[in-house]
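Residues in the sequence shown are numbered consecutively from 4, following this note's numbering.
Beta carbons: idealized from backbone N, C-alpha and C, even for Gly.
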Amino acid sequence: MWNIFAPLNQHTMFGDLFGKLQEAQEKMKDSKVRLARITVDGEAGDGAVKVTVTGNREVKSIDIAERLLEKDSKEELEDLVITALNRALKNAENAWETEMKGVAGGMMGGLGGLF
Numbered sequence: 004m005w006n007i008f009a010p011l012n013q014h015t016m017f018g019d020l021f022g023k024l025q026e027a028q029e030k031m032k033d034s035k036v037r038l039a040r041i042t043v044d045g046e047a048g049d050g051a052v053k054v055t056v057t058g059n060r061e062v063k064s065i066d067i068a069e070r071l072l073e074k075d076s077k078e079e080l081e082d083l084v085i086t087a088l089n090r091a092l093k094n095a096e097n098a099w100e101t102e103m104k105g106v107a108g109g110m111m112g113g114l115g116g117l118f
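If you want it as structure tokens, here you go:
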């Protein structure tokens, strides 16, 4: 039997899907804004070097202890900056993953009813 309402139902289903995808895009934008406000630190050398980054992995500051600014401390300083930066970026990655899990969970809950 021919169902004249089938195209309407498919259109409604795809309309719902597109609506959910737009909602997901908005949530992603909101997450990026929240992540930009989050700052995390990474330290090395017992706090001699401290790097602060946002949840979006943007370096905001690098603080270096005076003692490391001596000419003969160049190699130590470079090593500590790399270590602190990597630690800060790892912390930012963890913040980002936590935020994205929240967004993904919200999306899947909304899309689950479509299939």
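A Cβ-Cβ separation of about 6 Å places GLU102 in contact with ARG37 under the 8 Å criterion. Between the segment 49 to 61 and the segment 84 to 92 there are three or more C-beta pairs closer than 8 Å, enough to call the two in contact. Straight across, the Cα-Cα distance linking PHE21 with ILE67 is about 49 Å. In this model, ASN89 and ASP33 are separated by some 26 Å (Cα to Cα).
In the three-state scheme derived from DSSP, where H, G and I count as helix and E and B as strand, ILE41 is classed as coil.
Apart from the 5 residues on each side of it in sequence, ARG70 sits with its Cβ closer than 8 Å to the Cβ of ALA51 and SER76 in its chain, given in chain order.
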